[in-house]
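A short write-up of the structure that comes next.
Protein chains: 2
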Amino acid sequence: MTKVECLSCHQKFPLDPFFPFCPRCQNPVFLLPSTLSPKTSSSNSQDDSLLNQSQSSSIDNLSLGESNTPLLRLSQLEKLLGLSSLWAKNEGQSPTGTFKDRGSIFVVRFAPELGFQRIGTVSVGNMAASTAAYGQRAGLETYILVRGDVQEKKLDFIQTYNPHLIQVEGDYGELFEQSYELGRRHNIYFANSVDPFRLQGYQTIAKEILNQLAPKFPEVIVAPVSSGGHLLGIIKAFLDLNTLNTLSCFPVFIGVQSDRCAPLAEAYSRGEENLQRMYNLPPVPYAISNPNPPAGNLLLKLIYQYNGYLIAVNDQEIQEGQKLLAQKEGIYVLPSAAATLAGFIRCQQQDPSLAQKTTCLIFTGTGFRGQRLFPAEKNKLHHTSLDHLDGLLAKMIDKKKPEN
Amino acid sequence: MTKVECLSCHQKFPLDPFFPFCPRCQNPVFLLPSTLSPKTSSSNSQDDSLLNQSQSSSIDNLSLGESNTPLLRLSQLEKLLGLSSLWAKNEGQSPTGTFKDRGSIFVVRFAPELGFQRIGTVSVGNMAASTAAYGQRAGLETYILVRGDVQEKKLDFIQTYNPHLIQVEGDYGELFEQSYELGRRHNIYFANSVDPFRLQGYQTIAKEILNQLAPKFPEVIVAPVSSGGHLLGIIKAFLDLNTLNTLSCFPVFIGVQSDRCAPLAEAYSRGEENLQRMYNLPPVPYAISNPNPPAGNLLLKLIYQYNGYLIAVNDQEIQEGQKLLAQKEGIYVLPSAAATLAGFIRCQQQDPSLAQKTTCLIFTGTGFRGQRLFPAEKNKLHHTSLDHLDGLLAKMIDKKKPEN
Numbered sequence: 000m001t002k003v004e005c006l007s008c009h010q011k012f013p014l015d016p017f018f019p020f021c022p023r024c025q026n027p028v029f030l031l032p033s034t035l036s037p038k039t040s041s042s043n044s045q046d047d048s049l050l051n052q053s054q055s056s057s058i059d060n061l062s063l064g065e066s067n068t069p070l071l072r073l074s075q076l077e078k079l080l081g082l083s084s085l086w087a088k089n090e091g092q093s094p095t096g097t098f099k100d101r102g103s104i105f106v107v108r109f110a111p112e113l114g115f116q117r118i119g120t121v122s123v124g125n126m127a128a129s130t131a132a133y134g135q136r137a138g139l140e141t142y143i144l145v146r147g148d149v150q151e152k153k154l155d156f157i158q159t160y161n162p163h164l165i166q167v168e169g170d171y172g173e174l175f176e177q178s179y180e181l182g183r184r185h186n187i188y189f190a191n192s193v194d195p196f197r198l199q200g201y202q203t204i205a206k207e208i209l210n211q212l213a214p215k216f217p218e219v220i221v222a223p224v225s226s227g228g229h230l231l232g233i234i235k236a237f238l239d240l241n242t243l244n245t246l247s248c249f250p251v252f253i254g255v256q257s258d259r260c261a262p263l264a265e266a267y268s269r270g271e272e273n274l275q276r277m278y279n280l281p282p283v284p285y286a287i288s289n290p291n292p293p294a295g296n297l298l299l300k301l302i303y304q305y306n307g308y309l310i311a312v313n314d315q316e317i318q319e320g321q322k323l324l325a326q327k328e329g330i331y332v333l334p335s336a337a338a339t340l341a342g343f344i345r346c347q348q349q350d351p352s353l354a355q356k357t358t359c360l361i362f363t364g365t366g367f368r369g370q371r372l373f374p375a376e377k378n379k380l381h382h383t384s385l386d387h388l389d390g391l392l393a394k395m396i397d398k399k400k401p402e403n
Numbered sequence: 000m001t002k003v004e005c006l007s008c009h010q011k012f013p014l015d016p017f018f019p020f021c022p023r024c025q026n027p028v029f030l031l032p033s034t035l036s037p038k039t040s041s042s043n044s045q046d047d048s049l050l051n052q053s054q055s056s057s058i059d060n061l062s063l064g065e066s067n068t069p070l071l072r073l074s075q076l077e078k079l080l081g082l083s084s085l086w087a088k089n090e091g092q093s094p095t096g097t098f099k100d101r102g103s104i105f106v107v108r109f110a111p112e113l114g115f116q117r118i119g120t121v122s123v124g125n126m127a128a129s130t131a132a133y134g135q136r137a138g139l140e141t142y143i144l145v146r147g148d149v150q151e152k153k154l155d156f157i158q159t160y161n162p163h164l165i166q167v168e169g170d171y172g173e174l175f176e177q178s179y180e181l182g183r184r185h186n187i188y189f190a191n192s193v194d195p196f197r198l199q200g201y202q203t204i205a206k207e208i209l210n211q212l213a214p215k216f217p218e219v220i221v222a223p224v225s226s227g228g229h230l231l232g233i234i235k236a237f238l239d240l241n242t243l244n245t246l247s248c249f250p251v252f253i254g255v256q257s258d259r260c261a262p263l264a265e266a267y268s269r270g271e272e273n274l275q276r277m278y279n280l281p282p283v284p285y286a287i288s289n290p291n292p293p294a295g296n297l298l299l300k301l302i303y304q305y306n307g308y309l310i311a312v313n314d315q316e317i318q319e320g321q322k323l324l325a326q327k328e329g330i331y332v333l334p335s336a337a338a339t340l341a342g343f344i345r346c347q348q349q350d351p352s353l354a355q356k357t358t359c360l361i362f363t364g365t366g367f368r369g370q371r372l373f374p375a376e377k378n379k380l381h382h383t384s385l386d387h388l389d390g391l392l393a394k395m396i397d398k399k400k401p402e403n
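Protein sequence lines correspond, in order, to chains A and B. Quick note: the first sequence, position 229, residue 228 per numbering that gives the first Met the number 0, numbers continuous. Quick note: the second sequence, position 22, residue 21 per numbering that gives the first Met the number 0, numbers continuous.
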């Protein structure tokens, strides 16, 4: 029997796949490693067996090569911004281009053990595509529920993997809640944004960062926040490692939102314990846009407890972040991933001591199939004939010489 | 001084960065590891120090996390196609989405050692973007020469990284040749498709496949062929490992082309030693489309020598390959990467013994920013209101039950 634990009230109880929340405080719940079947939990030590499954996934027939994404030093941005030690964990190199794949592999690996041949998710884009890809690879029937107004381009990408795809008109928050009841009725495992198996997958990033950055320690970790599940998973992993006394210190966590939809950053700036659900927002053009993040209140609690930050950045900052990363470091990221850099720049202006810390930005997804927010530089595009190429190059190179 | 060797006539001579071909037989040349400076050649043993640099790249400030792409078992396709052991090396998870990154990291690492602060390339797409990304990361001035008729979408992607981008009207083959002379005049290192540093980068895949597949051995290796540099690099790496007696046997290599532009497959089918340059072809919509592959004649020689195959596949086969990979295995690849699967299916129909071999398909790039060649399945897209979702799910699931 799979058991879960509430990180807020510490109650332990059996997992209800059709209501994966704490019955007492409604927060997302985490799997207790000791309760997973021996078949899937290959490690003997219970302490971090689930964390270690990021390694075993590479020899798993269901794996698409998620995890073990690169950690990159951002040397040019360090110089430009006057920072000591800036690193990026690039989840854009995941199989479907986003960190969601870390969660989806856990879902397809464990759903059949829970008795499901049908999986599903409620999503507006990246999680839908990731769930569809892993669902097909595992040979499971996959039901993807998206909002009625989802962009044609996103729909088309999800359809590449050929899941059952349903556009649902109506309130998205209600769809999220109803999906669990529908799952119970039709025996579909709806693994949504804060599903405990997904959260388990998100935890695998912690050990990777520690190993890749060693002997340095990630004193600051920055990630974008939408449903809150991703950052929550990462914090949980560090809490576990701290309990095991494997950490020399504890990172400062910074969660970044878009100011178009920032229920957590707003609650944090007012010092409130609970977020206020937002209503009737105009559509937000980024992947970070959850007006009622299900992991929100737990995240607020942890951020206060461990002296983190929750901040919002505006469109221009996100745009500038995406441009800096592509043009200075050769890394093309999703707008919501670019918000990470923007958020850190903003945050260290408020707290200048952060500029001296070893910082790891988490780039949640690739820009390849998203929006580029900045226009191309016109003066760098030229058109010529083969005959005139020599002259053009001479002119371009000569222009760049310092005048004296 | 950097020395190179011709794989055809075995002459050794100093590298001329402005004519990286054998002066005697005009074939592409390979670096002699022993002649690289100690600064960059960290390994003491000369035998495979360059191969080992795929490892060191992860701690290199210029790296974007190229190499160490996943090797995936294609279990569902094995069953569907009646194959024994089918694997995919997925280069789509490279930093800019294609295998070109393996070459670009070597170019930006070594160009400054050769005395260049300006690099460049002649390309129609993927190599341009890869070179631009690495050029910006390394802080080098980067000149990208593309054909006048290159697609707007491709131009836009290259511009994300903000290189100097020049569209050149005129014959593309002539542009390729002239780029070396222009490089000499303006001190730009034009690292084109068969540049010896690029070829060095492509060799790193060999050890990765051997390590990831062990204890199995890749008896058959299949890759798409355009300029021929990629497959040539891979074969060269296996030849080196064979010389070092680290191989138990030698793989069969299969190169795949699109039948819209297949100078190598055609020469091979006629048993000819040299390819015939193709002229005035209508535009080919895939990345495999070089009408005069500079590595072609050397590749032909090696394919004959080691009993490989060069074959061409048609649009429908490529389309079907892309669809099978996305829908059965959750892997979305470039059309030219899908040609790999199509080519292997075709080849093992001609030689049924191949179906029993351990086969590694090389998927050269991601489908994320390319074309999807197959339409979405209409019967899998549904639209409903929240009120009617329950009924729709019931109907969909009921339909799938076997009638009896």
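For glycine and all other residues, C-beta sits at the position ideal for the given N, C-alpha and C.
Check                                                                                                                                                                                      : Outcome
Looking at C-alpha atoms only, which residue of B:L297, B:S122, B:A294 and B:G307 is the closest neighbour of V251 of chain B?                                                             : B:G307
If we define contact as Cβ-Cβ less than 8 Å, is P16 of chain B a contact residue for chain A?                                                                                              : no
Could you compute how far the alpha carbon of L154 of chain B sits from the alpha carbon of H382 of chain A?                                                                               : 12 Å
Expressed to the nearest angstrom, what Euclidean distance is found between the alpha-carbon atoms of S129 of chain B and F196 of chain B?                                                 : 14 Å
If you run the structure through DSSP and keep just helix, strand and coil, what is A137 of chain B?                                                                                       : coil
Looking at the structure shown, is F367 of chain A part of a helix, part of a strand, or coil, going by DSSP?                                                                              : coil
Rounded to the nearest angstrom, how far is the Cβ of A213 of chain B from that of F237 of chain B, given a contact under 8 Å?                                                             : Their Cβ separation, rounded to whole angstroms, is 15 Å, which puts A213 of chain B and F237 of chain B out of contact at 8 Å.
Mind listing the chain B neighbours of D389 of chain A? Cutoff is C-beta to C-beta under 9 Å, in chain order.                                                                              : Q177, E180, L181, R184 and H185
Leaving out the 5 sequence neighbours to the left and right, which residues in its chain are closer than 7 Å to K38 of chain B when beta-carbon positions are compared?                    : Confidence at K38 of chain B is low in this model, with a pLDDT of 49, below 50, so the placement of that residue is unreliable and no value is reported for it.
Taking DSSP's pairing of strands, which residues face I143 of chain A in a bridge?                                                                                                         : A:T120 and A:L164
Could you pull the DSSP bridge partners for V221 of chain B from this structure?                                                                                                           : B:I253 and B:L360
I need the straight-line Cα distance from A87 of chain A to P290 of chain B, nearest angstrom please.                                                                                      : 40 Å
Beta-carbon of V224 of chain B versus every beta-carbon of chain A: anything under 8 Å?                                                                                                    : no
Mapping the DSSP letters down to three states, classify L110 of chain A as helix, strand or coil.                                                                                          : Inspection of the sequence shows that residue 110 of chain A is occupied by Ala rather than by Leu. Correct three-state label for A110 of chain A: coil.
In angstroms, rounded to a whole number, what distance separates the CA positions of F216 of chain B and Q347 of chain B?                                                                  : 18 Å
Between which two residues does the alpha helix (DSSP H) carrying S178 of chain A extend?                                                                                                  : Y171 to H185
For E272 of chain B, count the other beta carbons within 10 Å of its own beta carbon; 16 or more makes it buried, fewer makes it exposed. Which is it?                                     : exposed
Tell me S84 of chain A's beta-bridge partners as DSSP assigns them.                                                                                                                        : A:T357
Going straight from the alpha carbon of Q116 of chain A to that of A110 of chain A, what length do you get?                                                                                : 7 Å
For K2 of chain B, which of helix, strand or coil comes out of DSSP?                                                                                                                       : strand
So for I310 of chain A, helix, strand or coil by DSSP?                                                                                                                                     : strand
Is it buried or exposed for Q355 of chain A, if we count other Cβ within 10 angstroms and need 16 for buried?                                                                              : exposed
Please report the Cβ distance between E151 of chain A and D100 of chain A, rounded to the nearest whole angstrom; I am assuming they are in contact, meaning their Cβ atoms lie under 8 Å. : Not confirmed; about 24 Å, so no contact.
For a cutoff of 8 Å on Cβ pairs, would you count P94 of chain A as touching chain B?                                                                                                       : yes
Closest Cβ-Cβ distance between Q54 of chain B and chain A: below 8 Å?                                                                                                                      : Confidence at Q54 of chain B is low in this model, with a pLDDT of 41, below 50, so its placement is unreliable and the value that follows should be read with caution. With 8 Å as the cut-off, Q54 of chain B does not count as an interface residue toward chain A.
What's the gap between the Cα of L181 of chain A and the Cα of L388 of chain B?                                                                                                            : 8 Å
List, in chain order, every chain A residue whose beta-carbon is nearer than 7 Å to that of A375 of chain B.                                                                               : D155 and Q158
Just reading off the alpha helix (DSSP H) that K153 of chain A is part of, what are its end residues?                                                                                      : E151 to Q158
Determine, for N89 of chain A, whether the minimum Cβ-Cβ distance to residues of chain B falls below 8 Å.                                                                                  : yes
Please go through the segment 368-403 of chain A and give each complete alpha helix (DSSP H) segment of 4 or more residues, from N-terminal end onward.                                    : 385-399
Apart from the five residues just before and just after N241 of chain B, which ones in its own chain have a Cβ nearer than 8 Å to its Cβ?                                                  : F249
Identify the residues that DSSP records as bridge partners of K11 of chain A: which are they?                                                                                              : A:E4
Any heavy atom of the ligand FAD within a distance shorter than 7 Å of the CB on N241 of chain A?                                                                                          : Of the ligands one can find in the structure shown there are none, so the ligand FAD has no counterpart to examine.
Please report the distance separating the alpha-carbon of M277 of chain B from that of Q75 of chain B.                                                                                     : 38 Å
Residues in the same chain with beta-carbon distance under 8 Å from G81 of chain B, minus the five sequence neighbours each way, listed in chain order, please.                            : A354
How close, in whole Å, do the beta carbons of L392 of chain A and E173 of chain B come, if the pair is a contact with beta carbons under 8 Å?                                              : Their Cβ separation, rounded to whole angstroms, is 16 Å, which puts L392 of chain A and E173 of chain B out of contact at 8 Å.
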